[in-house]
Every structure is written in C-alpha cells, then in structure tokens.
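Residue numbers (the numbering used here): 4 to 530.
Built from N, CA and C at the ideal position, the CB exists for glycine as well.
Here the structure is a predicted model, which means the values were calculated and not measured.
Report on the structure given below.
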Amino acid sequence: MTIGLIAIIAVRGLAHFWPSDVIEARYAVPGETPRMIMGEVVQTEEVPRERLKSAGLPVEAEGSTLMTRELVKLGNRELYGSDFVWVVGDWLQEQKSPKDAIALERREWGNFYGYLVNVKEAGRVVAEGDAALPAMRERLKRIDSLASRISRIEKVEIGGVNHNIERLRLQMRSLELDDRLDAAAQADLAAERSELDARYHDLETQLNALRQEFERDSLTVRDASGQETEIRLGNVVHAYQPNAMSSLQKLGFYFAKLWEFLSSDPREANTEGGVFPAIFGTVMMTLIMAVIVTPFGVIAAVYLREYAKQGLMTRLIRIAVNNLAGVPAIVYGVFGLGFFVYVLGGSIDQLFFRASLPAPTFGTPGLLWASLTLAILAVPVVIVATEEGLARIPRSVREGSLALGATQAETLWRVVLPMASPAMMTGLILAIARAAGEVAPLMLVGVVKLAPTLSVNLNYPYLHLDQKIMHLGFHIFDVGFQSPNVEAARPLVYATALLLVLVIAALNLSAVAIRNRLREKYRAMDN
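Laid out in structure tokens, this is it:
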C-alpha cells in the first residue's frame, strides 16, 4: 500500500516537469465562430454526453454515450483571463504540433504559448525570423546573470546594510532607555550611520543600473489567433520549443526543472518555482526539535526506570506520558501559542529586547517556538521508547557491573545506556518522522505561506530563531487549498507531497537500520 501510494503521487507530481508537446488546433463549437487555440494537453477524460449537455454545451443527442474532453493549458493569462480551459475533443479540428511553437515560462502571468516574431533591444528590433531564436537565447543567459547579481545585492548586501541600520537604531534606543545616550555616543552612532547610508546609496545606484539593463530587452510573440504581444525578456525564466526537442534534450530539461524545484524559491503565489525555503525550514526546525527533545526524553525515561521509586506516582506519570502521545496536535499548537509565544516570548522581550518594543522579537510566532512545540509533541514517543529499551536490559547486567565496583552512575553511562541505544535511536527518529509531518500546530507557532529570507544568513547572530519559516506540510496545504490557480497548483501539490513522504520514509527506514545495527552489535557483546 505504501509503495502504491508513493507511485501514484510520483506519477502525478514528477510528470509535471516533463516538457509536454504544444498543440495547435481549430476549436469549432457548433453554432459558434471557430477559434484557434494553442497549449499543452494536461488531462483527457471520457464524460457522459448528457453531462456536457446539462452544462449548456451544444451537444447533439445522437451518438455514443461518452465523449472526450480535454483540459488544455492555454497560458497567455493576460489575453484570455484564465490559462486553463476544458474543451471537447470531438470539436478540435486540424490539430497539429508545430515545430516552431515556443513556450515561455515567466516570473509573472504564467506561461505563454505562441510564435516568436522578433527580439528588441531598448525598443529597437535587433533580430527577427530565423535569427530571433538564437538572439533570444543569448540574451536570456545575460538576463540570468543579471538576475543573480540583482538577487545578491537585494538579499545579501542591501539586506546586511539594513540589518546594521536596524542594529544601530536599537542600540540608540537602548542607550536612551538606560539614560546613557550622551553626545559622544550620539556622535559615534551618527558616524557609523553615515557610513551605512553611503554604502546603501552606492548599492542602490548599482541596483538601479542593473535593473535598467534587466528591463532593456523584450520579445514580440504571436499567439494562435494572430494577436501580437510584447513581453519583457526579464520576465522570462525559460524559453524552449518542446515540439522540436529530442528525447535526450527533453530528459536534460526534465532534470534541470526537477533541480530548480528543489533549489529555488516559489513564485506566482507558490504555484510556480521551487520549494527550497520549505525544505530548509522543515529540516532546520526538525534538527532544533531533535536537539531539544533528546536530552529531555532520555533523562525523563532514565529517571522513571532507574531512579524513581516504583509506586502510585510513577504509574500515574507513565499514564500521563502515554496519554500525551494521543493528544491532538492542534492542542499542542494552542498551548505553544499561549505559553511559548505570549508568555515566555513576551517575557523575553521585556527583559532583553526592550528597545524593540512595542514591536515583538520573540513575542511572536517563530522558528524557536515551532521547534519547542514539536519537541513537547514528540517527547512522549522518546520517553516510551527509551523506557522500553531500558526495561529489556537484564537486571543481572546491572548487578554484574555494580559487583565489579562500578557506581550506579558509571553503570548507567557505560553499560545500560549503550545497550538501550537501539531503542533510544528508534524513538528519536520516529519522533522526528512524526514531527516532520505535522502541520496543524505549526500554523499557530511559526510557519507562514512565504518567508522572504532564510533563518540562517550572514547577519549576526547568523541563526535567527525569531524568524518565521516555511514548511513542506503547510506548503502542501497552502498550494492545494488556498491557491488562486487550482489547476496550476495541483501538480506541485503531488510533487511536494512526494518529497515530504520520501523524507519521512527515509527517517523511518534509517530508524530500522540503526536499530538493527546497534542490536546486533550489543548481541555480539553479550555472546
């Protein structure tokens, strides 16, 4: 069942990255003027004739009971309003796949399908006809280079300057609150602010120059109906002719698109682009959660099994731990929002970040609180698994160690815990696997639709625990149920779901492998 589920998700998700052929056809609806359409056939299905007739289509009563309808991705949203349309297959005439049909994947407004007419530079035609395609590809390389430089200046260099300007503002505010803002301190801060302002002005000048170059080139394209449209080349991410590509070229394009999905930022309300911020946020949050949950879970299990007096109170604690494992995840989210964010985070702001108030620093959902909430959610799993591993160790092993002169602490550290490590590792990784797939609590304590910057960057303190993050699970919910373009988002839902399932499956398989390896190791030692 698991393999079947993964296979269905993989087929529906990974097929999205394959460069499908572009068709052109004359769509002749009975009683209407025929029109030319061009695009990718996304889905084909057989539907009852009566269903189409009840939808208001002029379907004849005679004929077979089933008719074919096709979902065509027309693109060209600025011309047609919607870039997906259902058409009746029987009404498509003169269908063909022209070799010179071009597909433009854009940063905004989705795809465009048509024919390349000419290439312009600053409004002047520099190439047309057969020379237009090579000229466009050459300029696209230049555009990609400019986009990388612009992104670096905006996110890294200007971002660093803004971070330092905000640091100076908070430093001045802190000195003012402590009544230590004298003339000398003001002069030092003003001098540093002047340097930062000059640096910002230089970067802004560079950025404006790059943006002018970025906006310089444009394309003129013609759609299937003959209407010509001018498109800024800076808005184009990929330009290709799928009908003219060989199988090997399509395979290379496929893997390039797959890598782009894993390594780039999302675009177009998360319906285009990649999921790298969501992958990064999921992994970072899970790692922090593991660092927090491991000592608490192991120490609690060791105390309950090795040190606590076995009585009514211990039994009640175990019952409570087992019940915590069954509490709905959203309850943990509400607790994390109320206690971690508002109580603990608000107190931290009052003690250490007074200069930032009333704007919250830790008194708002963020990476730290999401990790702590998941740690509380996962700690019962670690406690139960570790305690069961400790219970399986024969009492004779402990007594033998004590008889040889070891203390109880040495016995625990050198004998008991190593032998219980298979259960500890299994509990930890199963807890990580569960936490990686949770969504409901994270919606309250730190996960957002789009996080413009990563929580790790070059600005001190480098790891920003107060920042909000993206998460694969929430990304699936957002793209699948909150997207303004459902048809465009559907393949990305499957692809992201496949990625999340593979991550959780890898964690579970690694748990089994580590447990078996450690079990064999200590079984050999016992022998």
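In angstroms with no decimal places, state the Cα-to-Cα distance between residue i and residue j.
i, j, result
"N273", "A443", "19 Å"
"L192", "R357", "19 Å"
"L502", "K99", "36 Å"
"I282", "M473", "8 Å"
"I105", "L77", "12 Å"
"L236", "R110", "10 Å"
"D205", "E160", "11 Å"
"W3", "S85", "No answer is possible for residue 3: it lies beyond the span of the chain, which begins at 4 and ends at 530."
"D133", "T223", "14 Å"
"N325", "P383", "7 Å"
"N167", "S266", "28 Å"
"A303", "I379", "13 Å"
"F20", "K260", "6 Å"
"G163", "E233", "37 Å"
"V451", "D469", "13 Å"
"E141", "E81", "26 Å"
"E63", "G229", "31 Å"
"E169", "D200", "12 Å"
"E198", "P455", "26 Å"
"L453", "E218", "26 Å"
"K158", "E207", "12 Å"
"W89", "H478", "27 Å"
"Y463", "R196", "18 Å"
"A466", "A406", "Sequence inspection shows Leu at residue 466; the Ala mentioned does not correspond to that position. When rounded, the distance between both Cα atoms is 48 Å."
"G476", "R183", "48 Å"
"A18", "I396", "50 Å"
How would you call residue i, buried or exposed, if buried means at least 16 neighbouring beta carbons within 10 angstroms?
i, result
"T5", "exposed"
"Q411", "exposed"
"A436", "buried"
"M316", "exposed"
"W372", "buried"
"W94", "buried"
"R38", "exposed"
"L251", "exposed"
"G255", "exposed"
"D147", "exposed"
"Y497", "buried"
"L354", "exposed"
"F484", "exposed"
"N211", "exposed"
According to DSSP, residue i sits in a beta bridge with which residue or residues?
i, result
"F87", "K76"
"T208", "DSSP lists no partner for T208."
"F115", "L107"
"N121", "E131 and T223"
"Y243", "A106"
"Y30", "R38 and L95"
"M70", "V50"
"V44", "V75"
"L466", "V459"
"G276", "P269"
"V450", "I472"
"T605", "In the structure as shown, the chain starts at 4 and stops at 530, and residue 605 therefore has no counterpart that could be examined."
"R235", "S221"
Just confirm the distance between the C-beta atoms of residue i and residue j, as a whole number of angstroms; I'd bet it's less than 8 Å.
i, j, result
"N246", "P361", "Rounded, the Cβ-Cβ distance is 59 Å, inconsistent with contact."
"D220", "K123", "7 Å"
"V296", "A381", "5 Å"
"A423", "G392", "4 Å"
"L149", "E216", "6 Å"
"G348", "G336", "Rounded, the Cβ-Cβ distance is 15 Å, inconsistent with contact."
"R214", "I153", "7 Å"
"A242", "L143", "6 Å"
"K253", "P494", "Not a contact, Cβ separation roughly 17 Å."
"R401", "T414", "6 Å"
"N79", "Y118", "At roughly 12 Å, the Cβ-Cβ gap does not stay under 8 Å, so N79 and Y118 are not in contact."
"A125", "A138", "With 8 Å as the limit, A125 and A138 do not qualify as a contact, their Cβ atoms being about 14 Å apart."
"R518", "P425", "4 Å"
Compute the distance between the beta-carbons of residue i and residue j, then report whether it is under 9 Å.
i, j, result
"V482", "F343", "no"
"A293", "L445", "no"
"I320", "L307", "yes"
"G329", "V385", "no"
"L375", "A438", "no"
"F264", "G277", "yes"
"E48", "R29", "no"
"R176", "S458", "no"
"P61", "V32", "yes"
"G539", "V14", "Here the chain comprises residues numbered 4 to 530, so residue 539 is not present and cannot be evaluated."
"L370", "G284", "yes"
"I12", "A434", "no"
"A188", "L178", "yes"
Is any heavy atom in the ligand FMN found nearer than 8 Å to the beta carbon of residue i?
i, result
"A187", "Only the bare structure without any ligand can be found here, which leaves the ligand FMN out of the picture."
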